[in-house]
Structures are given as structure tokens and as C-alpha cells.
Amino acid sequence: MTALHELTVAELSKALRTRTVSSVELARAFLARIEQHQQGLNAFITVLREEALAEAARADARLAAGEEGAVIGVPIAHKDIFCTRGQRTTCGSRMLANFVSPYDATVVERLRAAGAVTVGKTNMDEFAMGSSNETSYFGPVRNPWDPARVPGGSSGGSAAAVAARLAPAATATDTGGSIRQPAALCGVTGLKPTYGRVSRFGMIAFASSLDQGGLITRSAEDSALLLGTMAGFDERDSTSVQLPVPDYCATLEQPLKGLKIGLLKEFFDEGLDPDSAQRIRDGLEVLREQGATLKEVSLPNLPLSVPTYYVVAPAECSSNLARFDGVRYGYRCENPRDLLDLYQRSRGEGFGAEVKRRIMTGTYVLSAGYYDAYYLKAQRVRALISADFERAFHEIDVLIGPTTPTPAFEIGAKTADPVTMYLNDIYTIGANLAGLPAISVPCGLVRGLPVGMQIIGPHFSESRLFNVAHRYQLETDWHRRAPPGFA
Amino acid sequence: MSLNRQDIDKIALLARLALTESEVPAYVENLSRIMALVGELERADTSQVEPMAHPLPGQRQRLRADEVTAGDQRELFQRNAPQVEAGLYLVPRVLE
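From first to last, the protein sequence lines stand for chains D and H.
Numbered per our numbering, the first sequence spans residues 42 to 528.
Numbered per our numbering, the second sequence spans residues 13 to 108.
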């Protein structure tokens, strides 16, 4: 029999419903793996051992009572950006190192109500600002494929945990690539849904016109299954859309005959590692063999997405993070001289270098005399980028390209210059700027490291993304490969 | 776009961030590099383009009725406060 930790959510769900395994057994198995690998990977900030075992016992009772539900009893990890009631929620920051959330995020509440068992809170870049997990106050996460390398970020803990089989699935968030980029670097499946699809209530804000909650799983099928539980209107989030949630699992197997795929010309540029490019082309060939047609598409304004993002995201971050004042919650400095000193030192000591860099960039671009030249200009270029995508989707169904320029880089390799780090998100930022859904699926290995293929669709086309990704995963086994030593 | 030490001091004050002396040179350098990257935006002709206000076309921020919907949970919320007394948040004296 396959080891429990090797099973996908769909397989675990079946095993639970046929009573092949109990939820308590599952929780124990995954908690044991978390403990075994915590020191080596640092994927978790908080492990919820007692809570998980109690939740699992309740799930077993629900199953014994004959309750139906695909998620009942399935273990899951939450990125530590999602508030969990009565439990520490740190957002990877010293600022919130002792913050105990008084309420559950809607995502947490929905998964909990559906019977999922929370095993812990995953490590992340501080306030989700980073592409390598090196900005976490709780130390970097290591990539299970090579512990000398980064797992990507900001959802690096979630990606590493799922890749290392410490949890079958984890929640994550994506502002500029923070789900897809670590999923690609860790060889797992990462979905960033359409802006507004998943409630952000209780999800600590970074850049509000870009942030969206999503999932890191081992397969597209698992992502479809869990998104159905997480998504949907929430009156407590003013950006939540009032659209029904389709049955994402119902359309997974639709044939791809006639699917029109656009190859993103701008993504196959000189910055893309040639070996990674070849893996993407191999992946496209698998889809073509299933009847999809390929056509090169150009989005001429897309190369401006990084500079656009590094105005919009810091501007919104500087505004969102103004709430951390050392008064109502969070870190407070010792012996403040006066109120200004309390604000300045609490924030100066409570935030790490990257967060401060972004707050200052945002403060600068929003300051008197610069607003038009930077913020307004960036929002105009953003409209151009968005229009490029819209035009492309008149001709094609999905856009496909790489998720990242290279496989995982070494810890410390890009910390000296923030701009080098920022360019890591060059292929993922576009979908955030335009509010589009996108999924990254493993499509091969380069020098023993995973490569991700990114599929981007029009607004609310998650069903189509799952369908394409699932058909691809039926024909390939890259998503089933475990990092050496973690099988 | 190059920033100098005075710019960084002014930005840090606006952002209410105390920087240590050793942090300042790195921020001068980093922010200058970031603003150089941002300078690429000038390449785009946006004279005929409206700034984007929402990532979803035609969507606007939903408003709710201005009604009290949440109960008083002061005690619960103040458990996370660094310093409270008699239900009040304590800060250094503001008025002499």
C-alpha cells in the first residue's frame, strides 16, 4: 500500500470515506512528518498538534455519523497570513510575533466547517513581501529538492510543506506571484484565483488591488476540490464578487480538442533559462497531442509589468501597513520618549528590511509632487497591460508560458540587490495586475530542480485552468515526483 | 532617479520608521535602484489612457448600509494590546 503521505487530497478523501483510514491516523502521520522535517526545512511557524488531533477526532465523528463531504478529515496547512482564532498569526513578522487572532479568516472558517483539519501555520516572507522566503522573521525555508536553495516566496512554507509531503495541501496568497513562483520552484501545483473569487476577510493585507488567496496542492484535481470549498461571496470582504461557484471537479476531464493556446512571446525572452524553456515546450507538445492548437501571441506592454508592480504594490503596502502603530496590537518598542518615538521605533524595530524598503518606496511614490508621475502613471500602464490580456483572450482560450525565469536559486544569491530579486516575478506579475486566474504545474526537472508551466486564463476561468492542468497531469507524472528523501 | 540621504530621512519620517545609522546607506542605494527600475514606465505612451481603478472591468467597490453589525468585543481585542488600563489603550503623554 502507498504510504499515507504520498496520497493526494482526492485519494485521502476516498480513503476516509471508505474508512480505510481515520482522520486521527492521518493527522498523526502528517504531524510526525512535520516534526521529523521541521528542523531541516523550517516550513512551519506554528505546529498545531493538540488542536489538529481534536479537530481530527471531530471529523471522525462526523464521518461515523454518515456525513458526506470531500474535505471532512483531510489535513491542511494554512499560510500564516490567514487569521486563525485563538492561535498565533504572525505573517512572518516580528511585528506580529505574539499576535493571537481573535477571529478566523473566512477561508479558514469555510475549510474548518467543511471538516478540514488544520495541522499548522506555514512560514512565509514577512508580510508576503519576498520571492525567496528569506525575509521571514522566523528564518528562511529550505527547498526540499535542495536544502541549499530557496523554496520561492512568499508562500515558501506552504510550497515546501506540500512538496515534502508534510501536508497534502496548503492555503497560500498571491500578490505578484507568491503562490505560483514557490509552487514552480518546489514542483507542486499552485493556483492564484481571479481577483475577488476567494474572500480576503482575515487575510492580512499587503496590496489590496492585487492580493488574492489560493492554494498549493500536489494536483490540479486537489486544487479544484478545495477551491470549491474556499471560494464564494463573503459580505465581510468588499472586493468579494457575487458570482456562483461552479463545480470545478465536474469539468476536469473535458477533452482539449480545439483548445486555443496562446504562447506568450514576451515570456520566451533572453531572461528565460534555455533548459527551462525546453521543458515548457515539451509541456505544450503534450497539450498539442491532445488536440489543442498553439499560436504565438504578443502582449507588447507586458515587459512593463515589473516597474508597474513596484509602484502599485509598495504604494498600497505603505497604506495598509500604516495600521501597525505599536498601540492597539503588535510589537511596541521599549521606553518610548513620546508618541512619535513610539510609532517610529515600534515600526522601525518591528518590521524587517524588505518590508521597510517597500513602505518607503510606497511612501515616496505617493508623496506630494510625485503622485501623478508615479502612482497615476503606473495605474495607466496597468490599464495598458490589462487591455493587452483582454485582446489576447479574444483570439485564444488560455495563455501558457514559464512561471519563473530559472529553477530555484541558492539561499543568499539574490539578497544583495532587491531589483534582482524583484525580476524573479517577471512572468507572474501580469496576472495580478490584470486580476486574472493562473495556475502553475510541474512540467519537468532541470539539473534535478523542478520547472513550472504557467497557464493564465480570462477572469473567472478557473474551471478551464483546472481542466487543462488536469488533462496535462493525466498524461505526465511530474506532479507525482517527490523530492529525493521525501517519498 | 537618484535619491540622497536627505530624501531617505524625509521618507522615513513620513512613513514613521526609525532607521538606524547603519541602515541608511543601503536604503539610499536600494531605493535609487528601485526608482531607476520604475523610471522605465516613462517609455509607455499613456496620454490617452485612463488609470485603472479596479482589476475587474466594470466592478466597483461594494458599499454596505451604515449600520452597527458587530457587538462590543473590546476585552477580546485588547488582549493583543501592548498596554491597556481600564479599557483604554495607553500611550506616552501627548499633552503636558
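Idealized CB from N, CA, C, for every residue including glycine.
Everything numeric in this text was worked out from a predicted model, so none of it was measured.
Query: Cβ of residue 248 of chain D within 8 angstroms of any chain H Cβ; Result: no
Query: Distance CB(residue 122 of chain D)-CB(residue 152 of chain D) smaller than 8 angstroms; Result: no
Query: Collapsed DSSP secondary structure at residue 460 of chain D in the structure displayed; Result: helix
Query: Pairwise C-alpha distance: residue 514 of chain D and residue 289 of chain D; Result: 16 angstroms
Query: Cβ neighbour criterion (16 or more within 10 Å) applied to residue 214 of chain D; Result: buried
Query: Among D:338, D:385, D:392, D:263, nearest to residue 480 of chain D - alpha-carbon criterion; Result: D:263
Query: Residue from D:366, D:460, D:390, D:425 whose Cα sits closest to the Cα of residue 402 of chain D; Result: D:460
Query: Contact between the segment 158-167 of chain D and the segment 249-256 of chain D (3+ Cβ pairs under 8 angstroms); Result: no
Query: Chain D residues whose Cβ lies nearer than 9 angstroms to that of residue 17 of chain H; Result: Chain D residues near residue 17 of chain H: none, gap ~13 angstroms exceeds 9 angstroms.
Query: Under 7 angstroms from the C-beta of residue 385 of chain D: neighbouring residues of chain H; Result: 28, 29, 30
Query: Cutoff 8 angstroms: residue 420 of chain D Cβ touching any chain H Cβ; Result: yes
Query: Distance, residue 400 of chain D Cα to residue 382 of chain D Cα; Result: 18 angstroms
Query: Residues that DSSP places opposite residue 336 of chain D in a beta bridge; Result: D:303
Query: CB of residue 274 of chain D within 8 angstroms of CB of residue 442 of chain D, strictly; Result: no
Query: Of the residues D:175, D:206, D:199, the one placed nearest residue 191 of chain D, counting alpha carbons only; Result: D:175
Query: Alpha-carbon to alpha-carbon, residue 225 of chain D and residue 449 of chain D; Result: 9 angstroms
Query: Strand pairing of residue 231 of chain D, partner residues [DSSP]; Result: D:257, D:481
Query: Closer than 7 angstroms at the beta carbon, the chain D residues around residue 61 of chain H; Result: 421, 424, 425
Query: Runs of alpha helix (DSSP H) wholly within the segment 411-466 of chain D (minimum 4 residues, chain order); Result: 418-436, 459-463
Query: Of the residues D:338, D:216, D:104, D:204, the one placed nearest residue 467 of chain D, counting alpha carbons only; Result: D:216
Query: Neighbour flag for residue 168 of chain D against chain B, beta carbons, 8 angstroms; Result: Of the protein chains in this structure, namely D and H, none is chain B.
Query: Own chain residues within Cβ distance below 6 angstroms of residue 272 of chain D, not counting five before or after; Result: 238, 239, 286
Query: Coarse secondary structure for residue 598 of chain D, derived from DSSP in three states; Result: Since the displayed chain D opens at 42 and closes at 528, residue 598 of chain D lies outside it and no answer follows.
Query: Residue-chain proximity (residue 288 of chain D, chain H), Cβ-Cβ < 8 angstroms; Result: no
Query: Opposing strand residues paired with residue 493 of chain D [DSSP bridges]; Result: D:483
Query: Cross-strand partners of residue 164 of chain D (DSSP beta bridge); Result: DSSP output for residue 164 of chain D lists no bridge partner at all.
Query: Endpoints, the beta strand (DSSP E) within which residue 120 of chain D is located; Result: 116-120
Query: For residue 379 of chain D, three-class secondary structure by DSSP; Result: coil
Query: Selection from D:416, D:488, D:505, D:100 that minimises the alpha carbon distance to residue 438 of chain D; Result: D:505
Query: Per-residue DSSP class, three states only, for residue 239 of chain D; Result: coil
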